[in-house]
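Each remark here refers to the structure printed beneath this line.
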Amino acid sequence: MTELVTFPVLKDNYAFLLHDHVSLRTAVVDVADHAPIIAELEKHGWDLTDIWLTHHHWDHIDGLAPLLEACAAKGWHPRVVAAKADMHRLPHTLITDQVEDGDTFMFGDIPVHIINVPGHTVGHIAYHVPSIATLFTADSLMALGCGRLFEGTPAQMWNSLQKLRALPPHTTVCSGHEYTESNAAFAMSIDPENPALQARVRDVKAARAANMPTVPSQLQLEMDTNPFLRADNKDLKSAVGMANASDLDVFTEIRARKDRF
């Protein structure tokens, strides 16, 4: 049995704790700030055994060193997993396990698969836990969006999103930020006749009005409503005036429009 806990850090980041009640291992995905993570662990009475990093941006790694110091004071010595390709710009002396696309490691008796998802950054990875249908995507696939292309190309991001879209539709998608309401406004600006999107926008507004998170989400819901996963959808292509364009050209245009939105 596993338990997933979502909690806010910084202004609009999320961190995730994944706890395996059999092995008693606990992983945290990304470390923007150490204090909320320690507080959440203490609240549940869990020891931290794993830290999984998705990419090198400061708001995903800056809390790593102080978190490890706090762990050492408690007698915890978590392994730190990160992309081998990004060692030159990660705090590499703190990384214990370097991983690449297609690698699998064990979290207790639970396999965790690494998927390269370049686009937001060229070294971004996602963590897929098939046995519990859970995917940690950080700033690649996001709730109703995808990460800004700071380093990668539209082709890289479109390819990454297609890889994630191919996973089982009941997969829980754990993304890194509370951007859903603004992403929803953009999605409605280009796909206003989508009834699934209309319903989701209502749900997102209600959740935010109640100060509730909109993350995680379900992959099927993203497939039905997220314009960045729908660049090959004929209705969306027509909605943006690109009925005969290639899927990549449509994705590129949608991403450019979001950047200007």
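Residue numbers for the sequence shown follow the UniProt record's numbering, beginning at 1 and rising by one. All residues carry an ideal CB built from backbone N, CA and C; glycine is no exception.
Considering Cα atoms alone, identify which of the options is closest to residue i.
i, options, result
"residue 170", "222, 205 and 144", "222"
"residue 77", "26, 13, 90 and 157", "26"
"residue 56", "240, 120, 20 and 69", "120"
"residue 140", "47, 253, 50 and 54", "54"
"residue 200", "210, 184, 50 and 211", "184"
Within 10 angstroms of its Cβ, does residue i collect 16 or more other Cβ (buried), or is it exposed?
i, result
"residue 22", "exposed"
"residue 255", "buried"
"residue 258", "buried"
"residue 277", "What the structure shows of the chain is the stretch from 1 to 261, and residue 277 is not part of that stretch, so it cannot be assessed."
"residue 100", "exposed"
"residue 42", "exposed"
"residue 206", "exposed"
"residue 152", "buried"
"residue 260", "exposed"
"residue 20", "buried"
"residue 11", "exposed"
Do the CB positions of residue i and residue j come within less than 8 angstroms of each other?
i, j, result
"residue 138", "residue 175", "yes"
"residue 156", "residue 118", "yes"
"residue 251", "residue 192", "no"
"residue 134", "residue 180", "no"
"residue 178", "residue 129", "no"
"residue 28", "residue 37", "yes"
"residue 190", "residue 112", "no"
"residue 65", "residue 94", "yes"
"residue 136", "residue 58", "no"
Once you ignore the five residues that flank residue i on each side, which residues in its own chain have a CB closer than 6 angstroms to its CB?
i, result
"residue 132", "2"
"residue 9", "15, 32, 33 and 36"
Tell me which same chain residues have a C-beta within less than 7 angstroms of the C-beta of residue i, skipping the five on either side of it?
i, result
"residue 108", "20, 22, 23 and 25"
"residue 242", "249, 250 and 253"
"residue 150", "120 and 121"
Within a Cβ cutoff of 8 angstroms, which residues of the same chain sit near residue i, ignoring the five residues on either side of it in sequence?
i, result
"residue 106", "112"
Report yes or no: do three or more beta-carbon pairs, one from the stretch 82-95 and one from the stretch 120-133, lie closer than 8 angstroms?
yes
How do the stretch 224-244 and the stretch 136-152 stand: do at least 3 beta-carbon pairs fall below 8 angstroms, yes or no?
yes
Using 8 angstroms as the threshold, is the stretch 12-19 in touch with the stretch 28-40, meaning 3 or more CB pairs across them?
yes
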